[in-house]
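Q: Residue numbers (numbering that gives the first Met the number 0), protein chains in the order written: chain E, 0 to 421; chain W, 0 to 421. Built from N, CA and C at the ideal position, the CB exists for glycine as well. After the structure tokens below, expect a handful of questions from me.
Number of protein chains: 2
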Amino acid sequence: MALIVHKYGGTSMGSTERIALVAKRVAKWARAGHKMVVVPSAMSGETNRLLALAKELAPAKPAEAYNRELDMLASTGEQASSALLAIALQAEGLEAVSYAGWQVAIKTNSAYTKARIESIDDKKVRADLDSGRVVIVTGFQGVDDLGNITTLGRGGSDTSAVAVAAALKADECLIYTDVDGVYTTDPRVVPEARRLHTVSFEEMLEMASMGSKVLQIRSVEFAGKYKVKMRVLSSFTPWDIDINEEAVSGTLITFEEDEDMEQAVVSGIAFNRDEAKISVLGVPDTPGIAYKIVGAVADANIEIDMIIQNVSKEGKTDFSFTVHRNDFAKAVDLLNTQVIGTLGAKEVVGDAKICKVSIVGIGMRSHVGIASKMFSCLAQEGINIQMISTSEIKTSVVIDEKYMELAVRALHKVFGLDQVAA
Amino acid sequence: MALIVHKYGGTSMGSTERIALVAKRVAKWARAGHKMVVVPSAMSGETNRLLALAKELAPAKPAEAYNRELDMLASTGEQASSALLAIALQAEGLEAVSYAGWQVAIKTNSAYTKARIESIDDKKVRADLDSGRVVIVTGFQGVDDLGNITTLGRGGSDTSAVAVAAALKADECLIYTDVDGVYTTDPRVVPEARRLHTVSFEEMLEMASMGSKVLQIRSVEFAGKYKVKMRVLSSFTPWDIDINEEAVSGTLITFEEDEDMEQAVVSGIAFNRDEAKISVLGVPDTPGIAYKIVGAVADANIEIDMIIQNVSKEGKTDFSFTVHRNDFAKAVDLLNTQVIGTLGAKEVVGDAKICKVSIVGIGMRSHVGIASKMFSCLAQEGINIQMISTSEIKTSVVIDEKYMELAVRALHKVFGLDQVAA
């Protein structure tokens, strides 16, 4: 008998029929003797519907006071779906109770629309579990010290589930979603892509392009920090699948290297076609240039991904970075008008038609020659590499976006990811 | 400069366009120098939508635990509309903040789906008003001592508004709805029906059939208890109507007889065609029969309206009452199977094709001959009276439902309600 947290996404909660199926699945686990806590998202489309109403009323958005009201508004979606799930569980013959974030309480800071969880009081939930109830905790929301409702930002229900699992010291946190696990790469690009039975926490973080479609990255960080055993699995398997089979399905995210891990050096190929590269050329190589460039861009609320600065020649250097493609024009404009003059740099050039492809694997730490195998593979396919960046367990390259599928397929094959692990 | 509470019903909050108009109206009052508190209902249709989802999941409803979740669910409608109104007010350039019932806090007992307000903490709202904010308080909901969300039942937002007005000692509580006041009778039946500029609290209570379409009766009782000045008016007048004109529009509900009241003896004609009459005939006239009959019916959760028992003849009496037409068959069946035998009564007879027509007027207290004028009027129209019941300020008759319009029109004329008051 274990304490298990289930998290169900918006698609899984998308209709009363689906909610009834979620209730049957949770009931199966409860009847197998487990103490059950469930964290549901809002019914799919509900959060967007609510935010669209707000947008109609306030096309130009004011500051903090507006964000406070957005959270009041958006948090109702999860409260409603939580109550509906409690009702569905009661209809299944179980005792069930739902709690809004403030009722638990899930305490957060006051950063409306992107709040961070600070603490979770486990007393109420524990008491209910001990008296045999299934407890539903609304995802995505919390309450600040002044009693204002906050939300955790998009995908925040994953983080809620992991945080609740951490607070309750749950044996496992199962994230039910519309895919059946984490794959070696996107199966839509490489049909031979395989589901990973386990993936390490670090790999999951690095595989943002794969990972972000499956799990909110913040929830993985949270799970790593509190060592929460976390599994991603599908809510579209039959609800009455044998519980022992279900308990080992999907992909387990692991935090300890001595766990039973697959032995591949490279675990997956990640990619991202939403990026654009920008270079500031001919920058006088003096202390503080990185800050002046990156700081100006960050101050404009533009997120920067890769940053590359090569050694300088004749006192000048070239500074390159990638941003989201939507921010490309804004960033180039900003650099031209506000930065390049102050820096005494020559010019700003950029390209929005690029993509980033990465090989990720915790095994890379102890293996040499992985990066060169990647470069050789791309060269054989005639693909020119525009930028390179590496970390301990990842090597990323920026290439022309038209080569993306070709590169991903070739790398997937070269690193043997289409073979079942020994 | 006054402290004013506005309450807007679901139709007034029915779309973002309408919410924007509510914001403009509230802003007009705020800019005129008034401290403003607004209590909105859920957007029209929203509560029904949510409860329909619950019903799909739990066709046969369990007990208390189910009602708790219904309140978690239904309360989200008002929370969302409150946040949207705050956003609309911010877009109008005002500072505005919304509070859920638990945030205020509006404390209630734990009678889920029909909770009663026990206390309201005015500190937070007062502090916001003092710092120049418009405060939006969600209607319809509260929180019990254990931190569970409760709702006040259908139409509860009127009660919320009056309770908030009472707690804040507001100068006036304006209930904006889709009609422009209380009429002498239903204008659809009598085209000459006039809007009353004032109506007494007691008359409003007695005119349930007119009143319940306009105001939730509980809110009127509440207003009477706490002497809240309450006005019913239309939210469909242009929002930029002159504020002095708007402030005297609609119908004011008065609680003191020395206020400037219209002098008519009869203020209005109320009617209700949803009733059915039931008579238990030949009941041995012994102590306790009323309780045995009424108690059995009430235990089956059937609400009883009029009750009439005439003097007995030869130790037997006839006992009559009216119920909602939907409960007619159930009540007759219940009396036949469970009551009539125990009582030793002769038989149960009933008629579902009746209606109740009442004349209501606080002036009746001090005028004689009002009831006889009513009976004579009906006799002249050839309408047979089946039952009569009177209170201090109301005389009700039960007649064949086919005469309803005829009776209401004749009475409206006979009591001079189509004439403008002196």
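1) Find the nearest neighbour of D185/W within the set I358/W, A1/W, D326/W, judged by alpha-carbon distance.
2) Using only alpha-carbon positions, find the residue among K122/W, R217/W, V181/W that is nearest to I116/W.
3) Any beta carbon of chain W sitting closer than 8 Å to that of I86/E?
4) By the three-class DSSP mapping on this structure, what secondary structure does D417/W have?
5) Per the DSSP calculation, N271/E is bridged to which residue(s)?
6) So, with DSSP's three-state summary, where would you put M433/W?
7) Using a beta-carbon distance below 8 Å, is V96/W in contact with chain E?
8) Exposed or buried, what is Q418/W when buried is set at 16 or more other beta-carbons lying within 10 Å of its beta-carbon?
9) Return helix, strand or coil for E117/W, following the three-state DSSP convention.
10) Determine the extent of the alpha helix (DSSP H) in which F235/W is found, giving its start and end residues.
11) Counting only beta-carbon separations shorter than 8 Å, does Q140/E have a partner in chain W?
12) Exposed or buried, what is Q102/W when buried is set at 16 or more other beta-carbons lying within 10 Å of its beta-carbon?
13) Are the beta-carbon atoms belonging to I180/W and L204/W less than 8 Å from one another?
14) Anyone know if the C-beta pair for S80/E and S40/E falls short of 8 Å?
15) To which residues does DSSP link S248/E through a beta bridge?
16) Give me, in chain order, the residues of the same chain whose beta-carbon lies closer than 6 Å to that of T137/W; leave out the 5 immediate sequence neighbours on both sides.
17) Mark V247/W as exposed unless 16 or more other C-beta atoms lie within 10 angstroms of its C-beta, in which case mark it buried.
18) Is the shortest distance between the beta-carbon of Y7/E and the beta-carbons of chain A less than 8 Å?
19) Pick helix, strand or coil for S375/W, following the three-state DSSP scheme.
20) Do you know whose CA, among F320/E, V4/E, Q308/E, K329/E, lies nearest I135/E's CA?
21) DSSP state of Q337/E, grouped into three classes?
22) Considering only C-alpha positions, which residue in the set C354/E, S395/E, K355/E, K352/E is nearest to S371/E?
23) Alpha carbons only, please: which of I382/E, A164/E, V338/E, L333/E is nearest the one belonging to I353/E?
24) For chain W, find out if any of its Cβ atoms is closer than 8 Å to the Cβ of M12/E; answer yes or no.
25) Can you check whether the C-beta of E261/E is within less than 8 Å of a C-beta belonging to chain W?
26) Scan the stretch 13 to 27 of chain W for residues whose Cβ lies nearer than 7 Å to a Cβ of chain E and list them as they occur along the chain.
27) Would you call Q379/E buried or exposed, if buried means 16 or more other Cβ atoms sit within 10 Å of its Cβ?
28) Nearest-angstrom Cα distance between M260/W and M0/W?
29) By Cβ distance below 8 Å, which residues in the same chain neighbour K291/W in space, the five residues on each side in sequence not counted?
30) Any beta carbon from chain W within less than 8 Å of T75/E's own beta carbon?
31) Just checking: is the beta-carbon of N65/E within a distance shorter than 8 Å of some beta-carbon in chain W?
32) Mind checking the stretch 139 to 164 of chain E against chain W and listing, in chain order, the residues whose C-beta falls within less than 7 Å of any C-beta there?
33) Hey, how far is the Cα of V296/E from the Cα of I369/E?
34) Let me confirm a value: G287/W is counted as buried when at least 16 other C-beta atoms fall within 10 Å, else exposed. Which label applies?
35) Classify K224/W as buried or exposed, calling it buried when 16 or more other Cβ atoms lie within 10 Å of its own Cβ.
36) Could you list which residues in chain E have their beta carbon closer than 7 Å to that of A79/W, in chain order?
A: From the atom records:
1) I358/W
2) R217/W
3) yes
4) coil
5) K355/E
6) Absent from the structure is residue 433/W, since the part of chain W shown begins at 0 and ends at 421.
7) yes
8) exposed
9) strand
10) From DSSP, F235/W is part of no alpha helix (DSSP H); its letter is neither H nor E.
11) no
12) buried
13) Sequence inspection shows Gly at residue 180/W; the Ile mentioned does not correspond to that position. In this structure, L204/W does not lie closer than 8 Å to G180/W by Cβ.
14) yes
15) S248/E pairs with nothing; no bridge assigned.
16) E77, Q78, S81, A99, G100
17) exposed
18) Judged by its chain identifiers, the structure shown contains no chain A, and its protein chains are E and W.
19) helix
20) V4/E
21) helix
22) S395/E
23) I382/E
24) no
25) With a pLDDT of 48 at E261/E, under the threshold of 50, the modelled position of that residue is not reliable, and the figure given next carries that caveat. With 8 Å as the cut-off, E261/E does not count as an interface residue toward chain W.
26) T15, I18, A19
27) exposed
28) Its pLDDT being 48, under 50, M260/W is placed unreliably in this model, and the coordinates cannot settle the point.
29) V338, T341, L342
30) yes
31) Sequence inspection shows Tyr at residue 65/E; the Asn mentioned does not correspond to that position. It does: the Cβ of Y65/E has a partner Cβ on chain W nearer than 8 Å.
32) G146
33) 33 Å
34) exposed
35) exposed
36) L49, L72, T75
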